[in-house]
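Peer 1:
Residue numbers (the numbering used here): 838 to 925.
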């Protein structure tokens, strides 16, 4: 069973994720922000309070994502130089 090892909040409602199977990348929370309990995550300070819990990630008011959901939707993190080339 895959587990989230670390979750770091970054810009645009995304989390930098490391999984127990060695996969790492970006999990984009923004598609969920207009749905039910996830609306509270729009508050940036609250979004940054994410913690690893129960093999997934969780916020203080118990919004959560399972490791399986995160792994399924995990996106490769672009190398910094690619990002800079697109904005130049």
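Note that CB positions come from ideal geometry on N, CA and C, so glycine has one too. Since we're looking at a predicted model, the values are computed, not measured.
To the nearest whole angstrom, what separates the beta carbons of residue 851 and residue 865, a pair I think is in contact under 8 Å?
Peer 2: Start at 1 with the first residue of the chain shown, and residue 851 comes out as number 14. Start at 1 with the first residue of the chain shown, and residue 865 comes out as number 28. Correct: roughly 5 Å between the Cβ atoms.
Peer 1: Could you check how far apart the C-beta atoms of residue 902 and residue 894 are, in whole angstroms? I think they sit under 8 Å.
Peer 2: As a position in the chain shown, residue 902 is number 65, starting the count at 1. As a position in the chain shown, residue 894 is number 57, starting the count at 1. That belief holds up - the Cβ atoms of residue 902 and residue 894 are roughly 5 Å apart, short of 8 Å.
Peer 1: Residue 878 by DSSP, collapsed to three states: which one?
Peer 2: Start at 1 with the first residue of the chain shown, and residue 878 comes out as number 41. Residue state, collapsed to three classes: helix.
Peer 1: Residues in its own chain within less than 6 Å of residue 874 by CB, not counting five upstream and five downstream?
Peer 2: Position 37 of the chain shown, counted from the start, is the residue given in the question as residue 874. Excluding positions up to five away in sequence, the list reads 900.
Peer 1: On the DSSP bridge assignment, give the partners of residue 846 in chain order.
Peer 2: The sequence position of residue 846 within the chain shown is 9, counting from 1. Its beta-bridge partners are 852.
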